[in-house]
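Asker:
Number of protein chains: 2
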Amino acid sequence: MHSIGTASKRSGVHIETIRYYEREGILPPAERTASGRRVYDEDGIARLRFIRHCRELGFAIRDAQALLSLTAAPMPCAEAQLIAQRNLDTVRSKIAELSVMERELSALVDQCGTHDKHCAILNDLFAED
Amino acid sequence: MHSIGTASKRSGVHIETIRYYEREGILPPAERTASGRRVYDEDGIARLRFIRHCRELGFAIRDAQALLSLTAAPMPCAEAQLIAQRNLDTVRSKIAELSVMERELSALVDQCGTHDKHCAILNDLFAED
DNA sequence: GTACATCCTGTAGCGGCTACAGACACAAGG
DNA sequence: CCTTGTGTCTGTAGCCGCTACAGGATGTAC
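Residue numbers (this note's numbering), protein chains in the order written: chain L, 1072 to 1200; chain Y, 1072 to 1200.
(1) Hey, quick one: how far does the alpha helix (DSSP H) through L/Y1092 stretch, first residue to last?
(2) Distance cutoff 9 Å, beta carbons only. Does L/Q1237 sit that close to anything in chain Y?
(3) Assign L/P1147 to buried or exposed, taking buried as 16 or more other Cβ atoms, counted over all protein chains shown, within 10 Å of its Cβ.
(4) Which residue marks the beginning of the alpha helix (DSSP H) containing Y/L1139, and which one marks its end?
(5) Look at the alpha carbon of Y/I1154 and the alpha carbon of L/R1133, and state the distance between them as a whole number of angstroms.
(6) Can you tell me where the alpha helix (DSSP H) with Y/T1104 in it begins and where it stops?
(7) At 4 residues or longer, what runs of the alpha helix (DSSP H) sit wholly inside the region 1155-1194 of chain Y?
(8) How about L/I1075 and L/A1117: are their beta carbons less than 9 Å apart?
(9) Does the distance from the C-beta atom of Y/I1089 to that of Y/L1098 stay below 9 Å?
(10) Select from Y/V1162, Y/D1195, Y/Y1091 the residue whose C-alpha is nearest the C-alpha of Y/D1181.
(11) Throw me the rounded Cβ distance for the Y/G1083 and Y/R1123 pair, which I believe falls under 8 Å.
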C-alpha cells in the first residue's frame, strides 16, 4: 500500500493531477486510511500509468477513461481500435494544420530583412486575405 | 463606420471574440455611438484581420498584440522576426511531439486485431514504460 | 517535543475563446 | 404609433486539463 506521493512518483502523474482525476471521476475513488489519506495498491498505480500513457498519446481524458474501463470488457478490441483511430485522425489533422503554419511562418521569417522599407512579416499579416 | 456585426463578417472574427479582445486589452476600445454601440472604421477592421491572421499562424494573443503594436514602430523588423522565430520554434516542437504520437498510435491501431487473446492497444497502455 | 515533510480540502487561475441570460436599441411593415 | 424581428449590450459561467496556491491536519525522524 502506497501514499499518493509514492503513487505519483511511481506513475509519473503529479499529485494534484491524481486528485483531479479522482474528483472528475476518471479514476475510482482511492481507499483511505483512518485519518483520511489516500492509499494506492499496485493496480491503482498501474491505472495511473495507463492514464498517463493515454495522455502522452494525445487521448482526451474522457477517452482515457473509456479505454481504462474497456480493460474490464470481454471483447474490447473493436471499441479500443475505434477510439484510437479517432485519436489518430485528430493527431494527423493537428499535424496538417501545424505544417501549414510552419510553411507560412518560415517563409515570413525568411522574407524579413530582404525589404528595406517595410517589414515583410507585418505587411503580410495586414494583407486582405 | 461599421457595426460590430459588419466588422465581424468582414474580418472573420466572431463578435464575442471581438468583445473578448477589447476586454483583454488586445485591441484599443472601440468608439461608441450615443447609445453605446461599438463602431469600427476600416482601420479597426484591418486590426481585427491582423489578429486573426496572427492566430491562424499560431501566435499567442499576447504576441499578436505585440506584433500589432510593432506596426507603429519605426524599425519593427528585428523584433517582429524574433517573435515569429519563437513561434516557429514552438510550432515545430508541437509538430515533433505530435509526430511521435502519430507513429506510436498508428503502430497500435495496426497491431490491434493481430492478437487473438488480448487487445494490443490496452496491453500497450498498461506496459511499465 | 519539536521540526519538517506530507497530506487534506477548497478555490482560483491559465489560454482563448464560446455560450448563454436578460436587458436595451433600431429598422421595416401594418 | 405599435409590433415584430434582429442586433447589440453587459456580465457571468463553462470548456479542457491541469496547476498553484491557502490554511489546516497528520505523520515521521531526531
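Each residue gets a CB set at the ideal place from its N, CA and C atoms; glycine is no exception. If you're wondering where the values come from, they're calculated on a predicted model, not measured in any experiment.
Answerer: Once the coordinates are examined:
(1) In the first sequence, the residue the question calls residue 1092 of chain L occupies position 21. Here the alpha helix (DSSP H) through L/Y1092 covers 1086-1094.
(2) No statement about residue 1237 of chain L is possible, as the shown extent of chain L runs from 1072 to 1200 and does not include it.
(3) Against the first sequence, residue 1147 of chain L aligns to sequence position 76. Of the residues assessed, L/P1147 falls on the buried side of the cut-off, its CB having 16 or more other CB atoms within 10 angstroms.
(4) In the second sequence, counting from the first residue as 1, residue 1139 of chain Y sits at position 68. Where Y/L1139 is concerned, the enclosing alpha helix (DSSP H) stretches over 1132-1141.
(5) As a working note, residue 1154 of chain Y is residue 83 in the second sequence. As a working note, residue 1133 of chain L is residue 62 in the first sequence. Roughly 35 Å between the two C-alpha positions.
(6) For the purposes of this step, residue 1104 of chain Y is taken as the residue at position 33 of the second sequence. Taken as a continuous stretch (DSSP letters only), Y/T1104 belongs to no alpha helix (DSSP H), as it is neither H nor E.
(7) Correct list: empty.
(8) Here residue 1075 of chain L refers to the residue found at position 4 when the first sequence is read from its first residue. Here residue 1117 of chain L refers to the residue found at position 46 when the first sequence is read from its first residue. No, these two residues do not count as a Cβ contact at 9 Å.
(9) By one-based count along the second sequence, residue 1089 of chain Y stands at place 18. By one-based count along the second sequence, residue 1098 of chain Y stands at place 27. Contact: yes.
(10) Residue mapping note: residue 1181 of chain Y aligns to position 110 of the second sequence, counting from 1. Minimum Cα-Cα distance from Y/D1181 among the listed residues Y/V1162, Y/D1195, Y/Y1091 corresponds to Y/D1195.
(11) The residue labelled residue 1083 of chain Y in the question sits at position 12 within the second sequence. The residue labelled residue 1123 of chain Y in the question sits at position 52 within the second sequence. Y/R1123 and Y/G1083 do touch by the CB rule: their CB atoms are close to 5 Å apart, below 8 Å.
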